[in-house]
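Accompanying notes for the structure given below.
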Amino acid sequence: MPLQVCYTSNDHMQLRVHAEVVDPETGKQETTNTFHFTFGTRDKNVSVSTVVPMTYADGMLYLSGKRHYEESMQHHQC
Numbered sequence: 260m261p262l263q264v265c266y267t268s269n270d271h272m273q274l275r276v277h278a279e280v281v282d283p284e285t286g287k288q289e290t291t292n293t294f295h296f297t298f299g300t301r302d303k304n305v306s307v308s309t310v311v312p313m314t315y316a317d318g319m320l321y322l323s324g325k326r327h328y329e330e331s332m333q334h335h336q337c
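Note that the working numbering has the sequence shown beginning at 260, numbered continuously upward.
As structure tokens, then:
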């Protein structure tokens, strides 16, 4: 399951995980689901490293992660 840290904000990080299946006959991998997780540090005074996109694809992943993070924070505050 490939995992990517796609966005960070102070003491939070947004991760994207691809769940995959492998065809045992061909070895072909196929993504079956994509999960988005938001984690925070236990110590609110500790910041996580900033994600810096290096390519266009990284930038798109960053924007998607930022949107998921902001949506997660809106639901968390309700």
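Virtual Cβ for every residue (Gly too), placed ideally from N, Cα, C.
8 Å contact criterion, which residue i and residue j should meet: CB distance rounded
i	j	result
phenylalanine 294	valine 281	With a Cβ gap of about 18 Å, phenylalanine 294 and valine 281 do not count as contacting.
glycine 324	tyrosine 266	3 Å
valine 310	tyrosine 321	6 Å
tyrosine 328	serine 268	6 Å
Same chain, Cβ closer than 6 Å to residue i, neighbours up to 5 away in sequence not counted
i	result
glutamine 338	Nothing can be reported for residue 338, as the shown portion of the chain is limited to 260 through 337.
threonine 290	His277 and Glu279
Bridge partner(s) assigned by DSSP for residue i
i	result
alanine 278	Asn292
serine 229	It is not possible to answer for residue 229, since the shown part of the chain is limited to 260 through 337.
leucine 262	Val276
Check whether the stretch 264 to 279 and the stretch 293 to 301 touch, using three or more Cβ-Cβ pairs below 8 Å as the test. yes
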